[in-house]
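Presented below is the structure to which this report refers.
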Amino acid sequence: MENYNENQPQSEQQQPQPNPGGGYYAPKPSLPNAAASLVLGILSVVTSCWFVGLILGIIGLVFGNKARAIYLAAPNDYNGYGMANAGRVLSIIGICIGGLYILYVLVIIGIIGIGVGLSEGADWFRQISSL
547 MENYNENQPQ SEQQQPQPNP GGGYYAPKPS LPNAAASLVL GILSVVTSCW FVGLILGIIG
607 LVFGNKARAI YLAAPNDYNG YGMANAGRVL SIIGICIGGL YILYVLVIIG IIGIGVGLSE
667 GADWFRQISS L
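Count along the sequence shown from 1, then add 546; that gives the number in my numbering.
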C-alpha cells in the first residue's frame, strides 16, 4: 500500500520510472514546438477579433503540425502530444473566427460603400433632372 497524502501538491516534473533491470528510465522530453503551438493557439482565439489573431493562428498551426509530424515519426520518444494537438485545434478555431471577422469587416465596408454610392448617385440624378 502506497503511503501518500492527497492534500500534498504533486511534483510538477515527471519522476523517473524504475527500470526492471535496475536503475531508472530517463523522463521523455517534451515535443518541440508543442508549448509554442498551445500558447499561439490560445492567443489566436483571444485576439481573433483583430487581424493579429489570424496571423497568430497560422503560426500556431504551423508549429502544431511540425510537432505532430515529429511525434508521429517517433511516438515513444516524446511527451506532450496533447499540448500540440490542443494548440492545433485552438489555432484552427482562431483562424476560422479571424476569417469570419475579416469577412464581416469587408461586408460592412461594402454596405457603407454602396450606401455612399447610392446617395451620390441620387445627388447626380437631381442635378441632371433640374437642368
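Glycine included, every Cβ here is placed at the ideal spot set by N, Cα and C.
In the DSSP assignment, find the alpha helix (DSSP H) that holds A620 and state where it starts and stops.
Premise fails: A620 is in no alpha helix (DSSP H) and is neither H nor E.
contact_flag[the region 650-662, the region 601-619] where n(CB pairs < 8 Å) is 3 or more:
Judged by pairs of C-beta atoms under 8 Å, the region 650-662 does not touch the region 601-619, as fewer than three such pairs exist.
S594 in three-state terms, based on DSSP:
Three-state result, S594: coil.
CA nearest to the CA of A681, picked from A572, V608, Y650 and G661:
Within the shown structure, residues of the chain are numbered from 547 to 677, placing residue 681 beyond reach of any answer.
Are three or more beta carbon pairs between the region 627-635 and the region 597-604 nearer than 8 Å?
Taking a contact to require three or more Cβ pairs closer than 8 Å, the region 627-635 and the region 597-604 do not qualify as touching.
DSSP three-state label for S576, please.
Residue state, collapsed to three classes: strand.
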